[in-house]
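Here's the structure we're looking at; comments come further down.
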Amino acid sequence: MQIELLAPAGNFEKLKTAFYFGADAAYVGGKDFSLRSFADNFSREQLSDAVKYAHGLGKKIYVAVNIFAKNADIPLLEDYFAFLQSCAADAAIVSDPGVFYAARKAAPSLQLHISTQANITNRNAVRFWREQGASRVILARELSIDEIAEIHAAVPDVEIEAFVHGAMCISYSGRCLLSDYLANRPSNRGECVQACRWKYGIRKKDELSDSGWLDIEEDGRGTYILNSKDLNMSEHLEKLIKAGVCSFKIEGRMKSEYYLATVINAYRRCIDGGFDEVVGRELTTAAHRDYTTAYNLGENAHTVNYDDSQAKGDCDYIGNVLGSADGFATVEMRGRFKVGDILEALSPDKNFGKSFKVEKAYLSTGEQVNDCKLVQERYKINCPFALHAGDILRRRKPQ
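Rendered as structure tokens:
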């Protein structure tokens, strides 16, 4: 069975990063009908270009159309699905039966994948969607590996996609009303404000002033009572493969290029060579919450991240490599660095993990500097090995 590494891409630059670091396919959203309205997302022209770009690399594009639709959305959805079929998108990801119906009517040859928002937790649900014409299901995160195996055994002709890494929603399969209630931003229409990540307190009933606030404490560790840990299944991919999962999905259309590069690179190495300590350490270098395997290994009462909203990670994102020649690399700066700093390469090839000391740095004007502090300036710095366009430079934080 060919295993697919499926990565998020919130815009075209992130799409390029995902493919460069080893993703086999990417899921993206258009300007409408996606549950990540605050990502940059893709216009129709950009979607067409993205499909052409992916197919030129032998890779795939899946387009999220996973809102819960209202009546007024249906005519617009039919037009949108017809467009996706015409531009040869590899599949659309849907959750609402009405949206599925619109897709079948307007784009009969477009492959349809059923979103995790559809809460698929049993074999009969998979059978139902197969009979409607779905080619793949993205299972609910609440399932164990054993339950996934049972579903695959019962319905082996439907592809199974499962999340393996990234942020998780405290609500059942992401179907939450908290954002609607507290901020008038409907989660199920793509406008979630992540209210579950906020720090909460309680107020005495007889006091309305600020002095009436009381801290909520969970075992003395903090007040993030609704903040889920991040999923990390990097040590258990073989178990998922044996259970019938054919696509490993990484969460994160809102995440940075550096985060995507780090996580995709790590999982590519897991799939190709197995989990090891290097991969394990790699997944701590980008911002993340405490990790959990969620319910994959069975019941789990320890999935909440009480301590803080998010840890910063072990490395600083320094810049994107644009190319190198004659012992120098050209780097578009993302984080301040100075002559004397030790920088490390994040790369899909043999440069991965190599480090060097910055001894010379030049502005794009040719002026030599010691402090590289201009964001997006294209600095030229010495490097003893040949970096490639697409590589990323980072700096380890002091331990």
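Using the working numbering, read the sequence shown as starting at 425 and increasing by one per residue.
Using N, Cα and C, we set each Cβ at its ideal position, and we do this for glycine too.
Neighbour-count burial assignment, residue i, 16 or more Cβ in a 10 Å radius
i    : result
H589 : buried
E662 : exposed
S467 : exposed
N651 : buried
T789 : exposed
V702 : exposed
L429 : buried
E585 : buried
Y444 : buried
V489 : buried
N744 : buried
S519 : buried
Q535 : buried
G557 : exposed
E555 : exposed
Q823 : exposed
Cα-Cα separation between residue i and residue j, rounded to whole angstroms
i    : j    : result
G747 : L817 : 12 Å
V475 : A785 : 38 Å
F505 : A449 : 20 Å
D740 : F809 : 21 Å
Q541 : C600 : 10 Å
F587 : A725 : 19 Å
L787 : A531 : 51 Å
I594 : D773 : 37 Å
I498 : V523 : 7 Å
E681 : Y624 : 30 Å
T686 : Q800 : 20 Å
A578 : P432 : 29 Å
Y683 : G676 : 9 Å
E723 : E469 : 45 Å
Local conformation of residue i per DSSP, three classes
i    : result
S458 : coil
R609 : coil
N495 : helix
C796 : strand
K484 : strand
E783 : coil
A431 : strand
G743 : strand
L508 : helix
N656 : strand
H479 : helix
G522 : helix
V617 : coil
N465 : coil
Y444 : helix
L854 : The chain is shown only over 425 to 823; residue 854 falls outside these bounds and no answer can be derived.
K804 : strand
Residue closest to residue i, alpha-carbon to alpha-carbon, out of the options
i    : options                   : result
K821 : I498, I742 and D581       : I742
L602 : C620, Y477 and S472       : C620
D581 : S559, S568 and Q618       : S559
I562 : F699, I674 and L811       : I674
R760 : D731, N794 and A753       : N794
V782 : Q792, N546 and D773       : Q792
D696 : L684, I665 and D815       : I665
A496 : D514, H479 and A526       : A526
L500 : I594, D456 and L567       : D456
P751 : G480, I491 and I805       : Sequence inspection shows Gly at residue 751; the Pro mentioned does not correspond to that position. The option with the nearest alpha carbon to G751 is I805.
P521 : A607, A549 and D514       : A549
R547 : C807, H576 and S539       : H576
E706 : F776, A718, I766 and M757 : F776
H479 : D503, V487 and A513       : A513
S533 : T716, N543 and A515       : A515
N656 : A690, A685, G668 and A667 : A690
K762 : K797, L481 and N729       : K797
Inset, instruction - Identify every run of the beta strand (DSSP E) within the segment 745–773, keeping only runs that are complete inside it and at least 3 residues long; order them along the chain. - result: Scanning the segment 745–773 from its first residue to its last, the whole beta strand (DSSP E) runs of 3-plus residues come out as 752–757 and 766–770.
Inset, instruction - Would you list, in sequence order, the uninterrupted alpha helix (DSSP H) runs of no fewer than 4 residues that lie entirely inside the segment 666–736? - result: Counting only runs of 4 or more, we get 681–697 and 701–706.
Inset, instruction - Write down every uninterrupted run of the alpha helix (DSSP H) in the segment 556–593 whose length is 4 residues or greater and which is fully enclosed by it, in chain order. - result: Complete alpha helix (DSSP H) runs here, min 4: 569–578.
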